[in-house]
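Data first, discussion second: the structure below is written as structure tokens.
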Amino acid sequence: MFLLNNLPIPFLDLGGINARDREALIAAFTRVLDSGWYVLGKEVEAFEAEYAAYCGTRHCIGVGNGLDALVLVLRAWLELGVLKAGDEVIVPANTYIATILAITGNGLTPVLVEPDATMNLDAALIEQHVGPRTRAILPVHLYGQTANMTAINAVARKHGLKVLEDSAQAHGAQHAGVCAGALGDASGHSFFPSKNFGALGDAGAVTTNDSALADTLRALRNYGSHKKYENLYKGVNSRLDELQAALLRVKLARLDADNQRRRAIAARYLYEIQHPHITLPVAGDHNEPVWHVFVVRSPAREALQAHLHHAGIGTLIHYPLPPHHQQAYREWRERSYPITEAIHREVLSIPISPVMSDAQVEAVVAACNAWPRRR
Ligand SMILES: *Cc1c(COP(=O)(O)O)cnc(C)c1O
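Residue numbers (our numbering): 908 to 1282.
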């Protein structure tokens, strides 16, 4: 897999993360194998109840992946008449492409807004982008930190907008004591293997307190059907597998402890990395991030990446190109989002994971601090 490499300190040791649950995962696999029931059964039902309880929402609807979770919420709002084709959705300009694809894939119009110092949607800029066709805000809890949901929800209430959270990177993150997934009208979650809460393949879910939305989503994920061979909507096939649900139930038991380990590592990085050309990430007020990735910034990002590579430390860039510079959105190429563009030029993700040893953390700190300062 692309995240694995042969460096002494890999960016992310996914095999090591899952090996800790080897026996329990095999037992879950065996249970599903022997059940003879593989799609939409007891495991998905149990997982949905457990993850809804974890997030603190009334409903959880398992789907095929994180992109579909976002796509299907917007499609459900179209079916329910909350949105109409061509309506505008406010979204951060510096998000992962999936967030934008969910909007354009439904015939809706993304309105890109710059981030603040936390690299999340700048709530203070939203209101100037609200127009007559604006119907929703899609904040992204990027890098494991929730957006400023107090401010975002206040703007949404004032203008009658729906709020769909993209919680793909923020399982267990909190804002003002409330868990990601319970901070808006609905939330999309991804359980892609490398996320903080990852399956052993593709998987995703929606959480919401809205029962009408939850009902519509249960139909949309299953060919638009509540009852076999009766199709209420033009739905899709995007169901969470029984197998992935059973594996996720095993891994949910570890999520809080794993996030605590990530927080302890982040605390050390924030305290111990001291370099004039490395800017450390900042947490917003009332936020408890879960550090999906630990993203530093440097004007000499490529040199820092090469230096760490020579020290045996794997790094990644989240992300090299903003959505408005992607070929897929070439119609936006002339647009300018300077804060977003600076982020994409400067960010570098250094290793953080629940299976990193203290010695590895110390080696990362030492290598960062030993980066030659005269540039
Ligand atoms: C991973 C991710 C998604 C998409 O999830 P998949 O399960 O890969 O489809 C969406 N948004 C963000 C911010 C992500 O990081």
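For each residue, glycine too, the CB sits at the ideal point set by N, CA and C.
Nothing here was measured: the structure is a model prediction, and the numbers come from that model.
To the nearest angstrom, how far is the alpha carbon of residue i from that of residue j?
i	j	result
Q1267	W1198	17 Å
I1007	P1017	7 Å
V1254	I924	25 Å
A1263	L932	Per the sequence presented here, residue 1263 reads as Met, with Ala not at that position. Answer to the nearest angstrom: the Cα atoms are 21 Å apart.
G948	G1111	16 Å
G1012	F918	32 Å
V1203	I1059	25 Å
A1063	A1024	21 Å
S1074	G1095	6 Å
H1251	E986	36 Å
D1109	V951	14 Å
A1164	F1104	11 Å
R965	H1048	21 Å
F936	A1153	7 Å
P1196	A1171	11 Å
A926	E1241	47 Å
A1235	R938	43 Å
Q1181	F1201	15 Å
M908	L1107	Low confidence applies here, because M908 scores a pLDDT of 35, under 50, leaving its location unreliable and the question unanswered by this model.
I1259	E1179	15 Å
D994	P1188	34 Å
P915	V996	43 Å
T1247	D1029	11 Å
Y1226	Y1244	15 Å
D1117	V946	24 Å
N1166	A1160	12 Å
E1269	E1034	44 Å
Apply the 10 Å Cβ neighbour rule to residue i and answer buried if 16 or more other Cβ atoms are within range, or exposed otherwise.
i	result
N972	buried
K1102	buried
E1209	exposed
N1027	buried
K1231	Correcting the residue identity first, residue 1231 is His in this sequence and not Lys. Classification for H1231: buried.
K1158	buried
W944	exposed
A1089	buried
Y1136	exposed
D1148	buried
A861	Beyond the ends of the chain as shown, which are 908 and 1282, falls residue 861; an answer cannot be given.
G969	buried
G1067	exposed
G1142	buried
Taking 6 Å as the limit between beta carbons, can you name the residues of its chain near residue i, skipping five residues before and five after?
i	result
A992	G1014
D1265	none
D928	V1157
Ignore the nearest five residues each way along the sequence and tell me which others in residue i's own chain have a CB closer than 8 Å to its CB.
i	result
H1133	D1122, R1125, A1126, L1139
H1184	S1205, P1206, A1207, L1211, W1278, R1280, R1282
V1085	G963, M1056
L1228	H1251
V1272	R1175, Y1176, E1179, I1180
Would you kindly report the start and end of the unbroken beta strand (DSSP E) that includes residue i?
i	result
D1073	1069 to 1073
S1094	1093 to 1097
E995	995 to 999
V970	966 to 970
T1115	1111 to 1115
I1224	It is not in any beta strand (DSSP E) - I1224 carries neither H nor E in the DSSP assignment.
K1141	Looking at the DSSP string, K1141 is not in any beta strand (DSSP E), and its letter there is neither H nor E.
A959	Counting along the chain, A959 falls outside any beta strand (DSSP E), though it belongs to the alpha helix (DSSP H) covering 949 to 962.
A1043	1041 to 1044
What residue range is occupied by the uninterrupted alpha helix (DSSP H) comprising residue i?
i	result
S942	929 to 942
H1217	1208 to 1217
R982	973 to 986
S1256	That residue, S1256, is in no alpha helix (DSSP H); its beta strand (DSSP E) goes 1254 to 1257.
S1118	1118 to 1127
K1065	1056 to 1066
I1007	1004 to 1011
Given residue i, which residues of its chain have a CB within under 7 Å of its CB, disregarding the five upstream and five downstream residues?
i	result
L974	A1005, L1008, A1009
L910	Low confidence applies here, because L910 scores a pLDDT of 44, under 50, leaving its location unreliable; read the following figure in that light. Around L910: F918, L919, L921, S1101.
L1032	V1020, E1021
A1080	H1048, G1051, Q1052, T1053, A1087, E1195, P1196, V1197
A959	R965, H966, C967, T1114
Q1076	H1048, L1049, Y1050, G1051, K1102, H1199
A983	L1120, T1123, L1124, L1127
N913	none
Contact defined as beta carbons within less than 8 Å: I believe residue i pairs with residue j. What is the distance between those atoms, to the nearest angstrom?
i	j	result
L1162	H1078	6 Å
F954	L1155	6 Å
I1224	S1256	7 Å
T1057	A1083	6 Å
S1145	L981	The Cβ separation is near 13 Å, so there is no contact.
P1261	R1168	4 Å
E1072	P1046	6 Å
K1069	D1092	5 Å
L990	A1043	7 Å
A976	S1097	7 Å
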